[in-house]
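Chemist: My questions all concern the structure below.
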Amino acid sequence: MRAFALSALVSSLAGLLAATSAASADFVGNYTVGTGASTSQLQFDFTNGNTYLYTVRYDGSLRGDALFAIVAAAQPGFFSYQVVNFSFGDALFAVTIGADSDAGFGTPPLYLDYWHYWTRASDQSAWASSNVGFADRIVSDGSWDGWVFNSNSAPAAIPAPAAGLLIVGAAAVARRRRR
């Protein structure tokens with residue numbers, strides 16, 4: 073009976089992981105860059121559905137645009153971005169990560185083809201459309217900055233890496249108990 077219950081648990085967890093993996097099939101890369109005691113997340117969702125997540129390490133106080141500079145310095149030739157300066161502030165025009173690239177400021181008729189800026193205080197918080205530009209936003213340890221191109225939707229949900237470890241652990245326990 074105990075083996076059956078454990079087998080059912082492992083099967084359920086495997087199903088959960090498969091569903092999570094299917095939902096995140098467009099999650100392309102997860103990178104950690106920079107050095108320091110603080111970390112902030114920087115997420116990019118491209119028009120083609122590909123999502124990239126950067127954990128940026130730093131010390132001291134930074135603005136949102138400084139996260140871009142840290143990533144670009146760590147991945148020259150792989151990560152690049154273009155900012156256009158206006159009298160009212162800076163605007164992100166283009167981002168390229170590997171083979172993925174989107175650029176624009178919004179063209180008719182929908183005016184969606186631009187980088188929409190979202191923020192949240194932690195991975196437990198809900199995304200909110202930013203009411204300040206990234207050159208004016210002060211990031212804090214654990215904060216998230218999300219960028220979505222060509223959509224008014226909040227950034228894609230990133231699956232927790234712990235889900236896969238849970239399944240592997242449950243399978244190991246099930247195997248051990250069968251012996």
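FYI, the numbering for the sequence shown is 73 to 251, going by the working numbering.
Think of the CB as a built atom: it goes at the ideal place given N, C-alpha and C, for glycine as much as any other residue.
At the level of alpha carbons, what is the spacing between G178 and A163?
Modeler: Using only the alpha carbons, I get a separation of about 12 Å.
Chemist: For T107, which of I142, R135 and F99 has the nearest alpha-carbon?
Modeler: Minimum Cα distance to T107 is reached at I142.
Chemist: So, for Y153: in the same chain, excluding its five sequence neighbours on each side, which residues have a beta-carbon less than 6 Å away from its beta-carbon?
Modeler: Contacts found: F140 and V167.
Chemist: Using the three-state DSSP reduction, which class does D98 fall into: helix, strand or coil?
Modeler: Residue state, collapsed to three classes: coil.
Chemist: By how many angstroms is the C-alpha of Y130 removed from the C-alpha of G214?
Modeler: Going by the C-alpha atoms only, they are around 11 Å apart.
Chemist: Is D172 closer than 8 Å to F99 when the C-beta atoms are compared?
Modeler: No, the pair does not count as a contact, with Cβ atoms beyond the cut-off.
Chemist: Tell me the rounded alpha-carbon separation between P231 and S197.
Modeler: Spanning the two alpha carbons is a distance of roughly 15 Å.
Chemist: Taking only three categories from DSSP, how would you classify I142?
Modeler: The answer is helix: DSSP assigns I142 an H, G or I state.
Chemist: With burial defined as no fewer than 16 other Cβ atoms inside 10 Å of the residue's Cβ, what is the status of G149: buried or exposed?
Modeler: So G149 ends up on the exposed side.
Chemist: What whole-angstrom Cβ distance do N222 and D185 have, given they're in contact under 8 Å?
Modeler: Yes, N222 and D185 are in contact; Cβ-Cβ is about 5 Å, under 8 Å.
Chemist: Going by the DSSP bridge assignment, what does Y153 pair with across the sheet?
Modeler: For Y153, which the question treats as bridged, DSSP gives the partners V167.
Chemist: Going by CA-CA distance only, name the one from F116, P180 and G161 that's closest to F151.
Modeler: With distances taken between Cα atoms, F151 lies closest to F116.
Chemist: Terminal residues of the continuous beta strand (DSSP E) containing R129?
Modeler: Run containing R129: T123 to Y130, per the beta strand (DSSP E) assignment.
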